[in-house]
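Numbering (our numbering), first residue to last: 81 to 186. Cβ coordinates follow ideal geometry from the N, Cα and C atoms, glycine included. None of these values were measured; they are calculated from a predicted model. Remarks on the structure that follows.
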């Protein structure tokens with residue numbers, strides 16, 4: 081049985097409590113199709129060396145991760161600021177290429 085808790089239609093995210101016998105778990109689901117399509121468009125537009133000579137552009141977006149997955153990864157890998165190596169390994173993993181918005185490696 082599912083008991084709805086919250087629903088965010090704009091983000092395509094919903095949270096519910098799942099009852100199975102004596103077990104109770106809170107589950108959060110998020111639709112990521114639009115995020116993956118946007119990442120694919122950005123990756124196709126990316127060109128190697130487009131930051132060269134541009135002294136005003138100090139940061140470049142390398143990935144867009146859905147909120148529910150991000151918080152699961154924070155639990156697993158820790159804060160990106162404090163465990164950058166693990167986050168780089170995760171982003172460079174070929175299985176996670178759909179979350180990348182650039183080519184190359186991080």
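| Check | Outcome |
| --- | --- |
| If we count Cβ pairs, one from each stretch, closer than 8 Å, do we get three or more for the segment 113–125 versus the segment 97–105? | no |
| What three-state label does DSSP hand residue 118 in the structure shown? | helix |
| Going by beta carbon distance, what residues of the same chain come within less than 6 Å of residue 146, once the five residues before and after it are set aside? | 110, 112 and 115 |
| Secondary structure at residue 81, three-state DSSP: helix, strand or coil? | coil |
| Would you kindly work out how many angstroms separate the C-alpha atoms of residue 167 and residue 126, rounded to a whole number? | 21 Å |
| Taking all protein chains shown into account, do 16 or more other C-beta atoms lie within 10 angstroms of the C-beta of residue 169, making it buried, or fewer, making it exposed? | exposed |
| How far does the alpha helix (DSSP H) with residue 128 in it reach, from first residue to last? | Segment: none, residue 128 is in no alpha helix (DSSP H) and carries neither H nor E. |
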